[in-house]
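Participant:
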Amino acid sequence: MSQSLTRRGLLRSAVATLPLLAAPSLIASRGFAADTWAKKPVTLICHTAPGSAADIYSRELAAALEPVISQTVVVENRTGGNGMVQMAALRGAKADGQTLAINTVSHLSILHTAGKGTFGIEDFDWIARVQTEGFFTVVRADSPFHTLADLVAHAKTAQPLLNIGGQGAPGSAHNIHTNILADAAGFKFNWIPFPGGIEHLTALLGGSLDATSNNPQTIVQFAESGRIRLLGYQGSERLASFPEVATYREQGIDADPAWQQMRGVIAPKGLAPELKEAIASSIRTATETSEAWAKYMTASNLSAGYMGPEEYNAFILRQSDVTLTWLKRLSLV
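Next comes the structure, spelled out in structure tokens:
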């Protein structure tokens, strides 16, 4: 991992030296004041446990947003029901911009499965997409699988099936990622779901999992300490900070690299159009002007993917169709 760690260190240093954009002037240029919509502390509801990628994203976004809106942003972890507890809390909140929530690809799976008939895309206002992120397949450093080909060869004949874990129930973003890999490579596996955080990595290190599906930001410390091995990356090209980890397609597995994790912000249904635009603009300003946010994005190997309300809503409808296609293939709907 020495080459990747050196590259990551250079990236962090480069970001640290970038001049911070002048937030006040940028805010003014977009035609809204800091008190346009945030009249008191804002609540941002996260559906996963502390320490998870979604939780880290929530807290970094809250910290970046606070100086822009001149209000405290409080992150609340409402876990349970694979996101349904969070969605229930958000839907029951007043549509005034004071209560927001984060969302991921997994929300779309839940809307088609356990949440079908209870929640729908139309129950929420989709405010902004903020970032995107690819997936790794990970094993322990002492695993007998030294390459992705090793894992695939064993998985094709393994009895019992390999135990592969990650965040969320069948149909979650992590689960669909592993199914895309397994479908392309021609093997089957047992999916072991975890609520978030690093529980699946702990289980991997403890020996109860053979492999995990992970986003880059949750594995950095484990990779730096040499406790895990990265077998492959589902993306169109290698990550600069892990240049030695080949993509699935480079390794001869034609797994679709378009399936990516994405994270955004949603609100209770019924916000006025100008309020949605104001919140989205605040989010964009925060993520474009915060030095801490820039460092977090670089250190976690994340990609910016901002979309405003209109574009994000159209994206969600398209992504929902893709998700439903995979759920049907997995016989989950």
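In our numbering, the protein residues as written are 1 to 333.
Backbone N, C-alpha and C fix where the C-beta goes; we use that ideal spot for every residue, glycine too.
Source: prediction; values computed, not measured.
(1) Can you give the beta carbon distance from Ala128 to Tyr312, rounded, assuming they're within the 8 Å contact cut?
(2) Compare the Cα-Cα distances from Gln131 to each of Gly81, Tyr57, Asp254 and report the closest residue.
(3) Does the beta-carbon of Gly166 have 16 or more other beta-carbons within 10 angstroms, so that it is buried, or is it exposed?
(4) From Ile110 to Asp210, what distance separates their C-alpha atoms?
(5) Could you pull the DSSP bridge partners for Asp256 from this structure?
(6) Could you tell me the boundaries of the beta strand (DSSP E) in which Pro309 lies?
(7) How far does the alpha helix (DSSP H) with Glu291 in it reach, from first residue to last?
(8) Does the beta-carbon of Lys276 have 16 or more other beta-carbons within 10 angstroms, so that it is buried, or is it exposed?
(9) How far does the alpha helix (DSSP H) with Ala203 in it extend, from its first residue to its last?
(10) Can you name the start and end residues of the alpha helix (DSSP H) that Gln221 belongs to?
(11) With Pro67 as the anchor, note down where its beta strand (DSSP E) starts and where it stops.
(12) May I have the straight-line CA-CA distance separating Pro41 from Ile69, to the nearest angstrom?
(13) Mind checking Gln261: buried by the 16 CB within 10 Å criterion, or exposed?
(14) Give the straight-line distance between the Cα atoms of Val298 and Gly226, rounded to the nearest whole angstrom.
(15) Alpha carbon to alpha carbon, how far is Ile176 from Leu327?
(16) Where does Val333 fall in DSSP's three states?
(17) Please report the straight-line C-alpha distance between Ser331 and His112, rounded to a whole angstrom.
(18) Who does Tyr233 pair with in a DSSP beta bridge?
(19) Just to confirm my understanding: we take Val322, look at its own chain, exclude 5 residues before and 5 after, and list those with CB closer than 6 Å. What are they?
(20) Out of His200, Gln98, Thr72, state which residue places its alpha-carbon closest to the alpha-carbon of Gly270.
(21) Assign Asn190 to buried or exposed, taking buried as 16 or more other Cβ atoms, counted over all protein chains shown, within 10 Å of its Cβ.
(22) Quick check on Asn215: does DSSP put it in helix, strand or coil?
(23) Taking the DSSP output, what are the residues bridged to Trp126?
(24) Give me the Cα-Cα distance between Arg7 and Trp293, rounded to the nearest whole angstrom.
(25) If you follow the alpha helix (DSSP H) that Leu108 is in, where does it begin and where does it stop?
(26) Can you tell which of Val139, Ser52, Gly186, Arg91 has the C-alpha that lies nearest to the C-alpha of Ala255?
(27) Within the same chain, show all residues whose beta-carbon is closer than 6 Å to that of Leu44, passing over the 5 residues directly before and after it, in chain order.
(28) Less than 7 Å between C-beta atoms, sequence neighbours within five positions excluded: which residues of the same chain meet that for Phe315?
(29) So is Gly80 buried or exposed if we call it buried at 16+ other beta carbons inside 10 Å?
Facilitator: According to the structure data:
(1) Residue 128 sits at position 128 when you count from the first residue of the sequence shown. Residue 312 sits at position 312 when you count from the first residue of the sequence shown. At roughly 6 Å, the Cβ-Cβ gap stays under 8 Å, so Ala128 and Tyr312 are in contact.
(2) Taking the first residue of the sequence shown as position 1, residue 131 is located at position 131. That would be Tyr57, whose Cα lies nearest to the Cα of Gln131.
(3) Mapped onto the sequence shown, residue 166 falls at position 166. By the neighbour-count rule (16 or more Cβ atoms within 10 Å), Gly166 is buried.
(4) Position 110 of the sequence shown, counted from the first residue, corresponds to residue 110. Position 210 of the sequence shown, counted from the first residue, corresponds to residue 210. One C-alpha to the other measures close to 26 Å.
(5) The residue you call residue 256 lines up with position 256 of the sequence shown. Its beta-bridge partners do not exist; DSSP assigns none.
(6) Looking up residue 309 in the sequence shown gives position 309. Not the beta strand (DSSP E): Pro309 falls in the alpha helix (DSSP H), residues 309-329.
(7) Within the sequence shown, residue 291 is the residue found at index 291, counting from 1. For Glu291, the uninterrupted alpha helix (DSSP H) segment begins and ends at 291-299.
(8) Within the sequence shown, the letter at position 276 stands for residue 276. Per the 10 Å Cβ criterion, buried.
(9) The sequence position of residue 203 within the sequence shown is 203, counting from 1. Annotation: the continuous alpha helix (DSSP H) that includes Ala203 extends over 199-206.
(10) Numbered from 1 along the sequence shown, position 221 holds the residue referred to as residue 221. Here the alpha helix (DSSP H) through Gln221 covers 220-224.
(11) As a working note, residue 67 is residue 67 in the sequence shown. Note, Pro67: premise wrong, no beta strand (DSSP E); alpha helix (DSSP H) at 53-69.
(12) Start at 1 with the first residue of the sequence shown, and residue 41 comes out as number 41. Start at 1 with the first residue of the sequence shown, and residue 69 comes out as number 69. C-alpha separation (whole angstroms): 10 Å.
(13) Sequence index remark: in the sequence shown, residue 261 carries index 261 (1-based). Under the 10 Å beta carbon count, Gln261 is surrounded by 16 or more other beta carbons and is classified as buried.
(14) For this step, residue 298 is matched to residue 298 along the sequence shown. For this step, residue 226 is matched to residue 226 along the sequence shown. Reading the sequence as shown, one finds Thr at residue 298 and not Val. One alpha carbon belongs to Thr298, the other to Gly226, and they sit about 20 Å apart.
(15) Residue 176 sits at position 176 when you count from the first residue of the sequence shown. Residue 327 sits at position 327 when you count from the first residue of the sequence shown. Cα to Cα, the separation comes out at about 8 Å.
(16) For the purposes of this step, residue 333 is taken as the residue at position 333 of the sequence shown. Three-state result, Val333: coil.
(17) Mapped onto the sequence shown, residue 331 falls at position 331. Mapped onto the sequence shown, residue 112 falls at position 112. Going from the Cα of Ser331 to the Cα of His112 covers about 12 Å.
(18) Here residue 233 refers to the residue found at position 233 of the sequence shown. Under DSSP, Tyr233 shares a beta bridge with Phe136, Thr247.
(19) The residue you call residue 322 lines up with position 322 of the sequence shown. Hits under 6 Å: none found.
(20) The residue labelled residue 270 in the question sits at position 270 within the sequence shown. Considering only alpha carbons, the answer is Gln98.
(21) Here residue 190 refers to the residue found at position 190 when the sequence shown is read from its first residue. With fewer than 16 other beta carbons inside 10 angstroms of its own, Asn190 counts as exposed.
(22) Walking along the sequence shown from the start, residue 215 turns up at place 215. Shown here, Asn215 sits in coil according to DSSP, grouped into three states, outside any helix or strand.
(23) In the sequence shown, residue 126 corresponds to position 126, counting from 1. Per DSSP, Ile266.
(24) Walking along the sequence shown from the start, residue 7 turns up at place 7. Walking along the sequence shown from the start, residue 293 turns up at place 293. Confidence at Arg7 is low in this model, with a pLDDT of 38, below 50, so the placement of that residue should be treated as unreliable; the coordinate-derived value is given next. Each residue's Cα considered, the two are about 19 Å apart.
(25) For the purposes of this step, residue 108 is taken as the residue at position 108 of the sequence shown. Counting along the chain, the alpha helix (DSSP H) containing Leu108 begins and ends at 105-112.
(26) Within the sequence shown, residue 255 is the residue found at index 255, counting from 1. When Val139, Ser52, Gly186, Arg91 are compared, the shortest CA-CA separation from Ala255 is found for Gly186.
(27) For the purposes of this step, residue 44 is taken as the residue at position 44 of the sequence shown. Ser58, Ala62, Val73, Val75, Leu100.
(28) Taking the sequence shown and counting its residues from 1, the one referred to as residue 315 is at position 315. Around Phe315: Arg129, Met307.
(29) Residue mapping note: residue 80 aligns to position 80 of the sequence shown, counting from 1. With fewer than 16 other Cβ atoms within 10 Å, it is exposed.
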